[in-house]
Every structure is written in structure tokens, then in C-alpha cells.
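**Q** Chains as they are written, first to last, in the numbering used here: chain A, 1 to 345; chain B, 1 to 318.
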Amino acid sequence: MERILSYPEAIREATEQEMLRDSSVVIFGQGVDDPKRILGTTKGLLERFGSERVFDTPLSEDGITGVAIGAALAGLRPINTHIRMDFMLLAMNQIINMAAKMRYMFGGVYRVPIVIRALIGKSWGQGAQHSQSIYPLFMNIPGLKIFVPSTPYDAKGCMITSIRDDNPVIFIEHRLLYYQKGYVPEKSYSVPFGKARILDKGKDVTLVGISQMVIECLRAKKYLQEVNIDAEVIDMVSLSPLDIDTVKNSVMKTEKLIIVDNAWTVCGAGSEIITRLIEMDVKMQVRRMGFAFVPCPTAPALEQHFYPDAKKIAMNAFNMLNPNKKEWQPNLELSIEEIEFKGPF
Amino acid sequence: MTIGSTLIERFYRSLYLIRRTEEEIVKIYPTDKIKSPVHLSIGQEFVSVGVIEALRCDDIVFGTYRGHAMYLAKTGNLRKMISELYGKITGCSKGKGGSMHLVDVDKGVMGTSAIVGTTIPLSVGYALGLKYKKSDSVVVSFFGDGAVDEGVFHESMNFAALKKLPILFVCENNKYAIHSYHINRHDSDNICERVKHYGMQVERIEDGDIFKIYNFTKNVIDSLRERDLGPVFLECVTCRWKEHVGPNDDFHLGYRDKEEVEWWKANDQLNKIRMMADDKTAKLIESVVEHEIADAFNFAEENTVYNEKEIYEDLFKE
Numbered sequence: 001m002e003r004i005l006s007y008p009e010a011i012r013e014a015t016e017q018e019m020l021r022d023s024s025v026v027i028f029g030q031g032v033d034d035p036k037r038i039l040g041t042t043k044g045l046l047e048r049f050g051s052e053r054v055f056d057t058p059l060s061e062d063g064i065t066g067v068a069i070g071a072a073l074a075g076l077r078p079i080n081t082h083i084r085m086d087f088m089l090l091a092m093n094q095i096i097n098m099a100a101k102m103r104y105m106f107g108g109v110y111r112v113p114i115v116i117r118a119l120i121g122k123s124w125g126q127g128a129q130h131s132q133s134i135y136p137l138f139m140n141i142p143g144l145k146i147f148v149p150s151t152p153y154d155a156k157g158c159m160i161t162s163i164r165d166d167n168p169v170i171f172i173e174h175r176l177l178y179y180q181k182g183y184v185p186e187k188s189y190s191v192p193f194g195k196a197r198i199l200d201k202g203k204d205v206t207l208v209g210i211s212q213m214v215i216e217c218l219r220a221k222k223y224l225q226e227v228n229i230d231a232e233v234i235d236m237v238s239l240s241p242l243d244i245d246t247v248k249n250s251v252m253k254t255e256k257l258i259i260v261d262n263a264w265t266v267c268g269a270g271s272e273i274i275t276r277l278i279e280m281d282v283k284m285q286v287r288r289m290g291f292a293f294v295p296c297p298t299a300p301a302l303e304q305h306f307y308p309d310a311k312k313i314a315m316n317a318f319n320m321l322n323p324n325k326k327e328w329q330p331n332l333e334l335s336i337e338e339i340e341f342k343g344p345f
Numbered sequence: 001m002t003i004g005s006t007l008i009e010r011f012y013r014s015l016y017l018i019r020r021t022e023e024e025i026v027k028i029y030p031t032d033k034i035k036s037p038v039h040l041s042i043g044q045e046f047v048s049v050g051v052i053e054a055l056r057c058d059d060i061v062f063g064t065y066r067g068h069a070m071y072l073a074k075t076g077n078l079r080k081m082i083s084e085l086y087g088k089i090t091g092c093s094k095g096k097g098g099s100m101h102l103v104d105v106d107k108g109v110m111g112t113s114a115i116v117g118t119t120i121p122l123s124v125g126y127a128l129g130l131k132y133k134k135s136d137s138v139v140v141s142f143f144g145d146g147a148v149d150e151g152v153f154h155e156s157m158n159f160a161a162l163k164k165l166p167i168l169f170v171c172e173n174n175k176y177a178i179h180s181y182h183i184n185r186h187d188s189d190n191i192c193e194r195v196k197h198y199g200m201q202v203e204r205i206e207d208g209d210i211f212k213i214y215n216f217t218k219n220v221i222d223s224l225r226e227r228d229l230g231p232v233f234l235e236c237v238t239c240r241w242k243e244h245v246g247p248n249d250d251f252h253l254g255y256r257d258k259e260e261v262e263w264w265k266a267n268d269q270l271n272k273i274r275m276m277a278d279d280k281t282a283k284l285i286e287s288v289v290e291h292e293i294a295d296a297f298n299f300a301e302e303n304t305v306y307n308e309k310e311i312y313e314d315l316f317k318e
């Protein structure tokens, strides 16, 4: 029988296995040892590894990021958690001025093995300061690596890769992905940086999703079957470095690309991917989708217009393929559970 | 407490090396061979020397863009430092850092930073790492009074005290953040008065006496090695003789009185130690140091060539 874990269970298992394997791995951040244990992702770690390796921190995001970098220089492999990605904005000085530059600025004498975990929020009135997804800011900075896994399988494999990597890694989780369940092998394995994943093959249009938008793209594919459109769904998995080749090969086949950013589209991942394809003279029709270019409102009636969703993606794809037909709306209602991605890998 | 002639010699060697190296930088700067903004330590050397002479080789120092004194006091490689200022691949940071980003990991000099306050939490993290590994090395974190204005300074003091880390914080209080005077930035000029509330031992040395700095550090470091003391904070009042950045005086700007600096010049620890030293020994030290400096500048003047791919090297550890 397939071994099924949830997304947070996969992160927890990766962390525990690496902490068992390597005593230099430590984890700290606000709430890692509190009753909720970062939505279960640090459950049992304190009991197993003790308070020297698993500890709560003051609300000092900039200082604690610096502590992580300093500890890494001393030979540890720290994981620092941010229960809200928005809180990372308080740590930008250390992340960008120090972590990203320590190796290069000192001619390669250092390695800086830190993992910075960041959780994105959505819905239930999270609002302007609990819903941000600032990965484009980090994509703009040389010296950082960025993972955005969407499946439990990748959550575990990417976490193991991140911990073992000798460079600063921003590991981006999305709270709605925490409901995902899927096949996760018990053994240790790593998922590489710079390799996107084709989650579902298709020939008519390429849907590229980032983080939770991967799930929306998978739902959109189901909607599109109603009108005989066969979408290929790609999960970027890694944003820095980017795997352009996988997207390129897909678009060479479909000639149509929709990139759904889990962020504002201005100077976003979609902008970057599309630009690189254009620079490679790929002939294609393109659409970018992402957050409405305003802060996230809390009222559900407004919030529904803030995010892309499966229906909007499907409608956009239909319109791309049928520019002369009148607008189409999917009839079917799909729940999140129907799109649970189960692998196999 | 008696100070043996050996310590005087060590003080003199280090103070003389730093002063003379920076005087050579001043001399050469108008030629534009140094492709880097320089924040000179002249006048402040005694803080680095007094503290670092009390350390072991395997102790660790973190510092700032005004870091020549700390680097040289910890006997960082002079050839590599001057080459770094010249923008050569033979520099300590392969010409990717410059004067503000000096490093010598083998000698325990951690990379210096050009963003005020940024190395303070790194030094705290390093101390956390040492404690975790049960090493008996200690960390010394150097910064200026400007850093005290930064939020991360307070975050770092709090965390170091919370975790009782083996670290000595050394605030070089030269009273100016660029040109902003300390009492225009703080309610009180006494930084120790504020820091002690974080829960650590504090000491303020106002008269620039290198022996006081050395003795205090020596005692503290021995206690820190025993692991139960927690962080200690040392505030050394001092004076920058030159302009904030660059090789010149800056009295024409009118933001400070020449008299302020004159008191410190009259109180110069280099002169004081020179007079305490045996004349013959001092002359020998001077001759050796002059040779080292000439050698370092000659080395930096040598032609070196970058491979054009070098710009993309060192971004990531593979």
C-alpha cells in the first residue's frame, strides 16, 4: 500500500531524519516548541532532540536571522522558521545584505547553510499583512536559492535538499497546501534545485503554477476537459534557480502558456519565465495571472477577486484557444479534496 | 598588576603596524591605486589592540567597515589586506570585498560589513555555535556607537543575554555616526547605562587607557571560557582623527571642534607605549614593520590578471 502523508507531516519527517543524521542541524523560530508546533511541522522534535537544538526565539526577526547566519559560519546548519512570510520583511537586511552575500563578498571563504522557512497565508480574512507571498523579491537577489514545493513528496525531498545545501535557502510553504496528502516514501531522498515537474501531461495549453496555484491549475485542467481542452500542468518547484527548459519544451508543443503566480505579477516569476522564453525566440501566446495589484482585502466578497482560481484560469485558457467564441464558464464544482495530488514519484 | 616588557612590545608592534599601514594608505590614496572607500582607524587603534592582545589565536572577532585595526591587530595577512584595497585577486576577498569587507578565517577574523550593526547578530550566532559545540573559544564583537541606534543591536543584546553566550561586545564610542553627534541621537551619552538592563556585566572606559582595556578583557575572557558568565559589554570612548571616510582631516566641515581631537592626540596610546618601550627594541620593531608594509604594498602593486569568468565564481558553494 502507498504510504500517504500530509504536507506538514512530510516536512516534519524530513526535518527529523536530517536532525538524526546530522547533529549540526538545529531549528529555531517563534513557536517551534509551542503547543501548535508550527502547524505540526516541528511536532516531537523538542522531545527527541532537546532544547539546545529546538528552541523558541524572541520576536526579533532581523537579529535571529543574523544569529542563524553566525551559527552557520560556526559550523551549524540552522533552520529558522517564520510562521508568516510577512514577518520575513523584518529580516530583509540580514537575508539580503548578509546571507546572500557572505560567500561572494568574501571571495568564497564561507559557506552559509541556512534554511529559512516561510508560511504563506490565505483566506479566512488573513488580510493585507498575513497573505503576502514575497518570493519575487528574493528571486531578484543573487546568492539565494528558493523552493516552493506544492506536494507532500516534494515538501520532504526539497526540505532534505535545503538542509544539506551549503547555501542560504528560502523554503516557501503555503498554509492551504497543508491539506494536501500524497505519497511520501519513508526513506530519505532529495529533490533537486532548478528542476520543474510536469504534474499532468497535455497538448493544448501549458499551465505553470507556483506554490498553491499549482493546485488551482490542476483543478483548471479538470474544468477544461469539459470543453475538450487538454492542459499540461507544470509545477516550478524551484524558483531560484529556475528550470526554463521544462517550460520551454512544453510550450514548444502547446504554443500557449499561462503562468499563475502565487503573488503580484509585476516583476514576478511569470514575468521572468516569459522573458526568458522570449529571449530564446519561443513562439507562443502568453497570459500572466496573479494577485490583483492591491493589498489583500479581508471581506470574502472582495477577496474572491484578489486571487486567481481554477475557474478563472480555465476561462483564460478557453479564451486563449477560442478567441472568437463567447465566454465560457465551467459548470462543475470541484472541491479541494478532488485535486489532492497523490504522486506517484 | 605588573605589565611585563613583552606585553609592551606586543602592544607597540601592533599599534605601530596599524598606524603606519594606514599612514601609507593616506599617502598612496591620491594616486587612485586604492579602488575602495577607506574608513581609517587612526586614533582608535588602541581599542582593537587592547582587546585582541588579551585573546587567543582561536578566538573569533567580528567587526565593521572601519576594520583595518581589528584585522591587523588579529594579525590578518597584510599582503592580502593591501591587495584587497587595490582590487586584486590576491586580496583576502579576491578583490570582491575591498576595504570594508576584510576577512581572514584562519586567524579568526570574520568578514567585516558595511551595513551598520549587521555583524552583531552574526557574532551572537557564532557564539551560540561555539557553545553548542562545547568549544572554549570566545567571540568578540566590535562595533561603533552608531550601531547602538539600530534595532538589531537591541535584539542581539537580548538574545545573547537570554542564552548566556560566550561573547564580549566592544563598543568603540567615537561619538559620531558619520557626522551625527551622539547626544543628538541618544537621550544619554552613556551606552552602558542602557545595556546593563539586558542582563549583562558592563564596563565603560573613558580615558583611552590601553592597559585598562587589556586588563578588563583578559579577566572577562577567562571567565567567559568557563561558560557561566554570559555576555559582557565593554564601551571604550575613543576618537576618530580623520574624516568618516577617506584619508583627510575634516575640521573644515565645522561639525566638531579641533580641540576634541587634540586631547586624544595628546593622549595617543602609540606615543605612550613608545616611551614605555625599550628604545632599541622599539627601533627593531619599527624596522621589521616598515619592511612588512613595504613588502605588502609592493606585492599589491604587482600585475595580476583576472580570468573573465571570475565574476561568476563564489556565488554558491557547490
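Glycine included, C-beta positions come from ideal geometry on N, C-alpha and C.
(1) Taking the CB atoms as reference points, tell me whether A/Ile313 and A/Ile258 lie closer together than 8 Å.
(2) Taking only beta-carbon atoms, is A/Asn80 less than 8 Å away from chain B?
(3) Can you find the residues in the same chain that come closer than 8 Å, C-beta to C-beta, to B/Thr2, ignoring five residues on each side of it along the sequence?
(4) Classify A/Ala128 as buried or exposed, calling it buried when 16 or more other Cβ atoms lie within 10 Å of its own Cβ.
(5) What are the start and end residues of each continuous alpha helix (DSSP H) run of 4 or more residues lying completely inside the stretch 183-228 of chain B, in chain order?
(6) When DSSP builds the beta bridges, which residues end up paired with A/Arg287?
(7) Are any of the Cβ atoms in chain B nearer than 8 Å to that of A/Glu52?
(8) Express the C-alpha separation of A/Gly50 and B/Ile311 in angstroms, rounding to a whole number.
(9) For B/Leu128, I'd like the list of residues in its chain whose CB is within less than 8 Å of its CB, leaving aside the five on either flank, ordered along the chain.
(10) What residues in its chain sit with their C-beta under 6 Å from that of A/Ala71, if we drop five residues either side in the sequence?
(11) Anyone know if the C-beta pair for A/Gly44 and A/Ile38 falls short of 8 Å?
(12) Could you check whether A/Gly290 and A/Val260 sit closer than 8 Å to each other, using their CB atoms as the reference points?
(13) What number of angstroms, rounded off, separates the C-alpha of A/Phe345 from the C-alpha of B/Ile178?
(14) Under DSSP, the beta strand (DSSP E) around A/Ser133 begins and ends at which residues?
(15) So that I know if they touch, is there some Cβ in chain E lying closer than 8 Å to that of B/Leu128?
(16) Are there 16 or more other CB atoms within 10 angstroms of the CB of B/Thr238, so buried, or fewer, so exposed?
(17) Which partner residues does B/Cys171 have in the DSSP bridge list?
(18) Helix or strand or just coil, what does DSSP make of B/Val109?
(19) Counting only C-beta atoms, is B/Asn307 closer than 8 Å to chain A at any point?
(20) Shorter than 8 Å from the beta carbon of B/Leu78 to some beta carbon of chain A?
(21) I'd like the list of long-range same chain contacts for B/Ile8, defined as Cβ closer than 7 Å, with 5 residues on each side in sequence excluded.
(22) Taking only beta-carbon positions, decide if B/Leu315 is within less than 8 Å of chain A.
(23) How many whole angstroms separate the CB atoms of A/Ala263 and A/Ser133, which I take to be in contact at a CB cut-off of 8 Å?
(24) What residues are listed by DSSP as bridge partners for A/Phe171?
(25) So, at 6 Å on beta carbons, what are the nonlocal neighbours of A/Glu9 in its own chain, with the 5 sequence-adjacent residues on each side left out?
(26) Leaving out five residues before and five after A/Thr161 in sequence, what residues of the same chain have Cβ atoms less than 7 Å from its Cβ?
(27) What does A/Ser352 touch in chain B if you count any residue whose Cβ is under 7 Å from its own?
(28) A/Ala299 by DSSP, collapsed to three states: which one?
(29) Whose Cβ in chain B lies nearer than 9 Å to the Cβ of A/Gln94?
(30) Am I right that B/Thr64 and B/Ser113 are in contact with their C-beta atoms under 8 Å? What's the rounded C-beta distance?
**A** To lay it out plainly:
(1) Yes, the pair counts as a contact, with Cβ atoms nearer than the cut-off.
(2) Taking Cβ atoms only, chain B never reaches closer than 8 Å to A/Asn80, which makes this a no.
(3) Confidence in B/Thr2 is poor, its pLDDT being 37 and thus under 50, which makes the residue's placement unreliable; the coordinate value appears in the next sentence. Setting aside the 5 residues that flank it on each side, B/Thr2 has no residue in the same chain whose C-beta is closer than 8 Å to its C-beta.
(4) Around the CB of A/Ala128, fewer than 16 other CB atoms lie within 10 Å, so the residue is classed as exposed.
(5) Whole alpha helix (DSSP H) segments, 4+ residues: 191-195, 210-225.
(6) The partner list for A/Arg287 (beta bridge, DSSP) reads A/Ile258.
(7) Yes, A/Glu52 counts as interfacial toward chain B.
(8) Using only the alpha carbons, I get a separation of about 43 Å.
(9) The answer, listed in chain order, is Lys163, Leu165.
(10) So the list reads Pro78, once near-sequence residues are dropped.
(11) It is not a contact, given that the beta carbons lie outside the stated cut-off.
(12) Yes, these two residues count as a Cβ contact at 8 Å.
(13) At A/Phe345 the pLDDT is 37, less than 50, meaning the model places this residue with poor confidence; the figure from the coordinates comes in the next sentence. As the crow flies, the alpha-carbon of A/Phe345 is around 58 Å from that of B/Ile178.
(14) Counting along the chain, A/Ser133 falls outside any beta strand (DSSP E), and DSSP gives it neither H nor E.
(15) Among the chains of the structure shown, chain E does not appear; the protein chains present are A and B.
(16) B/Thr238 is buried by the Cβ-count criterion.
(17) In the DSSP assignment, B/Cys171 forms a beta bridge with B/Phe143, B/Glu235.
(18) The answer is strand: DSSP assigns B/Val109 an E or B state.
(19) Between B/Asn307 and chain A, the shortest Cβ-Cβ separation is not below 8 Å.
(20) By this cut-off, B/Leu78 is not an interface position.
(21) So the qualifying residues of the chain are Ile273, Met276, Ala277.
(22) At least one C-beta of chain A is nearer than 8 Å to the C-beta of B/Leu315.
(23) In this structure A/Ala263 is in contact with A/Ser133, their Cβ atoms being roughly 4 Å apart against a cut-off of 8 Å.
(24) A/Phe171 pairs with A/Arg117, A/Phe147.
(25) Same-chain partners within the cutoff: there are none.
(26) Same-chain partners within the cutoff: Ser190, Val191, Pro192, Phe193.
(27) Because chain A is modelled from 1 through 345, residue 352 of chain A falls outside the range shown and cannot be assessed.
(28) DSSP, read as helix, strand or coil, puts A/Ala299 in coil.
(29) Think of a sphere of 9 Å around the beta carbon of A/Gln94: the chain B residues whose beta carbon falls inside it are Thr118, Pro121, Leu122, Val152, in chain order.
(30) The distance from the Cβ of B/Thr64 to that of B/Ser113 is about 7 Å, consistent with a contact at the 8 Å cut-off.
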